[in-house]
Amino acid sequence: MKKRGMVWFIAPVFRLVIGIIFLYAGIMKIADPSGFAQALYNYRLLPGWAINPLAITLPWVECVAGASLLFGIWTLGGGVVASTLFAVFVAALGVNLIRGLDISCGCFSTATAASPITWLTVARDLLFLGMAVSVVFFDQGVMALDRLLHKKV
């Protein structure tokens, strides 16, 4: 195993953390598709026809990416999907903060009483984005099924 400082240890930890985050967030949204559709609508970034299909599809994408990262199966693909989603989330949050909209994140709970978006929410997602990107570039398959599945005999 090629080691690059502490990255060889940190990247798999990041992979597990991001995997748990996406799996949890996806499950919460699957449980309340209409609430998630309302959260998407509140962002005012998508055309009306795209809200419901995205409210049904995105949580499953999050769950697949989360499971991929959590179990270390198709890790690179899961990391790329997670990184892309976090970049989109950061942009959506930032745009709406600049607009001055007082909306809830819809990140982990679709309840209207969920916490409103703040610049701290953006900072949190930027941190998660950095973690996901480090998985893409530095994860070496430690604690991953990919390593077992692609083991050279």
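In terms of our numbering, the sequence shown has 112 at position 17, counting the first letter as 1, and numbering is strictly consecutive.
All C-beta atoms, glycine included, are put in the ideal place defined by N, C-alpha and C.
Problem set entry | C-alpha distance - residue 158 paired with residue 188, whole-angstrom precision | 21 Å
Exercise. Does the region 134 to 146 come within contact of the region 196 to 205, defined as at least 3 CB pairs closer than 8 Å?
Worked result: yes
Exercise. According to the Cβ coordinates, are residue 120 and residue 229 closer than 8 Å?
Worked result: no
For this session: Using only alpha-carbon positions, find the residue among 111, 221, 112 that is nearest to residue 184.
Result: 221
Exercise. Considering residue 158, what are the terminal residues of the alpha helix (DSSP H) in which it resides?
Worked result: 143 to 166
Problem set entry | Pairwise C-alpha distance: residue 117 and residue 163 | 10 Å
Exercise. So what does DSSP say about residue 210, is it helix, strand or coil?
Worked result: coil
For this session: Answer yes or no: do residue 154 and residue 131 have a C-beta to C-beta separation smaller than 8 Å?
Result: yes
Exercise. Quick one: what's got a C-beta closer than 8 Å to residue 179's C-beta in the same chain, skipping five residues either side?
Worked result: none
Problem set entry | residue 115 beta carbon less than 8 Å from that of residue 165 | yes
Exercise. The alpha helix (DSSP H) spanning residue 129 covers which residue range?
Worked result: 128 to 138
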